[in-house]
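**Student:** The structure under discussion is supplied below as C-alpha cells; questions concerning it will follow.
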Amino acid sequence: MAREMMYGEAIATAIAEEMERDSSVVFYGQNLAMTERDPLLRRFGKKRVRIAPISETAEMGVAVGAAITGLRPIVELWMSEFMLVAFDELINEAPRLRYMSGGRVKVPLVFKAGYGFAAGWAGQHSNCVYHAMMGIPGLKIALPSTAADAKGLMAAAVRDDNPVVYLHHYMLTLDKGPVPEGEHVVPFGVADVKRAGSDVTLVATGWMVKKSLAAAELLAKEGISAEVVDPRTLTPLDVETILKSVEKTGRLVLVDQATRHASAAAIIAAEIAEHRGNALKAPVKMVTALDTSIPFSEPLENYVLPNEEKIVAAVKFVLAKQLAAV
C-alpha cells in the first residue's frame, strides 16, 4: 500500500520508523527538541532526540565518536554549506576509520542536510557541494528526487555501516507523491529510470529530475522520446544503468544544478566517454549552473540555473542531425 506524502514528510517518516525499529538510532541537531512538544522528543525521549550546540564541528565529531561506540546517529545539519566548517570530520575521519581498522570499526552515521535552496537565498545557501564529497573512499552520498525515494534512501542510509551524506533538495520539500507504507528501503547504487524513452538519455539528480521530466513532456509533444535516469546515489554511482540507456538512445544530456566544473555531471560524462564513447551519435551535452555564485535577484538566478527550456534546447542540439533529416 502507498500513501500520498510530501517529500519532507517522507523523510521524517523514515527517521521515525528507523528509530522505532532500532533503539541504537539517535537524532540530534541545532533546531531539534527545542520544546517538550517536539513529537519525536515525546515519542523517543531526551536520550535519543537532542538539541545540539551551534557548532557543526562538534555535531559531526560527536557523531563519529557515537558511531564507533555502537550508536547510529542521524545529524540534522540543515544546509550542506554548514558542513564545510567540519570537513575534517566528514572527509578525513568518518570515511577512513573502517579502512584503517581493517574493517573492525564500523561508522554507521547519517549527515542529513538540505541543499540547492534556489529561492532568493543567494550565494551561501543555494549551492550543490556534493562534488567535493564524491570519490572519497568509504563515504556514501544519497540525493533523493521523489518522496518515495526520500523515504527509502533514508532507511538505507540509517542501516548502512558506513557514513552517509543524505542530501535533500529544499525545492522539493512540499512536493507530493505516493510512498509505500511500512518498510521501504531503496538500495544504494541502483539508479532509477523515471521515464522510458528512445531518442535521448537525460541523466539528472535532485530537483533537476523534476525539471527533466517536465522537459521530456514538452519534447514528447514534438515527437521526441526522452529517457530520464535518476542515479539516486552519487556514491556508489550506478554507471551501468546509464550506460545501458546510452546504448539504447545514442545521445546523452546531463542535467545538474551544480556549476559546470564542479558537478556530478562532469564525472558521469567522463564515465560515458571512456566506456561508451563509440555508442554516441552526438557529443555529450551538459546543462548545469553557470560557473558563478548564485545571485539573489530572481531573474539572474533563473539565468544562472538550469531549467526546462535549457534542457529542451540541449536535447535538440544533440538531435540536430536527426531533426534536420525530418
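So for the sequence shown, our numbering puts the first residue at 788; every next one is plus one. Quick reminder that beta carbons are idealized off the backbone N, C-alpha and C, glycines included.
Using a Cβ distance threshold of 8 Å, determine whether the region 791-808 contacts the region 978-996, with at least three qualifying pairs required.
**Tutor:** Contact fails: fewer than three Cβ-Cβ distances are below 8 Å.
**Student:** Using the three-state DSSP reduction, which class does residue 1044 fall into: helix, strand or coil?
**Tutor:** Along the sequence shown, read from residue 1 onward, the residue named residue 1044 stands at position 257. Strand, per DSSP.
**Student:** With 16 other CB atoms within 10 Å as the buried threshold, where does residue 1023 fall?
**Tutor:** Position 236 of the sequence shown, counting from 1, holds the residue named residue 1023. Classification for residue 1023: exposed.
**Student:** Could you pull out every unbroken alpha helix (DSSP H) segment of at least 4 residues lying fully inside the region 980-1065, listed in chain order?
**Tutor:** 994-1007, 1026-1036, 1051-1063
**Student:** Is DSSP giving residue 898 helix, strand or coil here?
**Tutor:** Sequence index remark: in the sequence shown, residue 898 carries index 111 (1-based). Three-state result, residue 898: strand.
**Student:** Which one of 829, 873, 1071 has the shortest CA to CA distance from residue 1042?
**Tutor:** Translated into the one-based positions of the sequence shown, residue 1042 becomes position 255. Here the closest residue by C-alpha is 1071.
**Student:** For residue 954, which three-state DSSP category applies?
**Tutor:** Reading the sequence shown from its first residue, position 167 is the one you call residue 954. Strand, per DSSP.
**Student:** On the three-state DSSP scale, how would you describe residue 855?
**Tutor:** As a working mapping, residue 855 is identified with position 68 in the sequence shown. It is helical.
**Student:** Below 8 Å, how does it come out for the region 837-850 and the region 927-945: are there three or more Cβ pairs, yes or no?
**Tutor:** No contact exists between the region 837-850 and the region 927-945.
**Student:** Which residues bound the alpha helix (DSSP H) around residue 800?
**Tutor:** Here residue 800 corresponds to residue number 13 of the sequence shown, with the count starting at 1. Run containing residue 800: 794-808, per the alpha helix (DSSP H) assignment.
**Student:** For a quick check, are the C-beta atoms of residue 989 and residue 1009 less than 9 Å apart?
**Tutor:** Walking along the sequence shown from the start, residue 989 turns up at place 202. Walking along the sequence shown from the start, residue 1009 turns up at place 222. No, Cβ-Cβ distance for residue 989 and residue 1009 is not below 9 Å.
**Student:** Mind reading off the beta-carbon distance from residue 950 to residue 882? Whole number of angstroms is fine, and I expect it under 8 Å.
**Tutor:** Sequence index remark: in the sequence shown, residue 950 carries index 163 (1-based). Sequence index remark: in the sequence shown, residue 882 carries index 95 (1-based). Distance from residue 950 to residue 882 at the Cβ level is roughly 6 Å; contact confirmed, criterion being Cβ atoms closer than 8 Å.
**Student:** With a cut-off of 8 Å, do at least 3 Cβ pairs link the region 891-903 to the region 961-973?
**Tutor:** no
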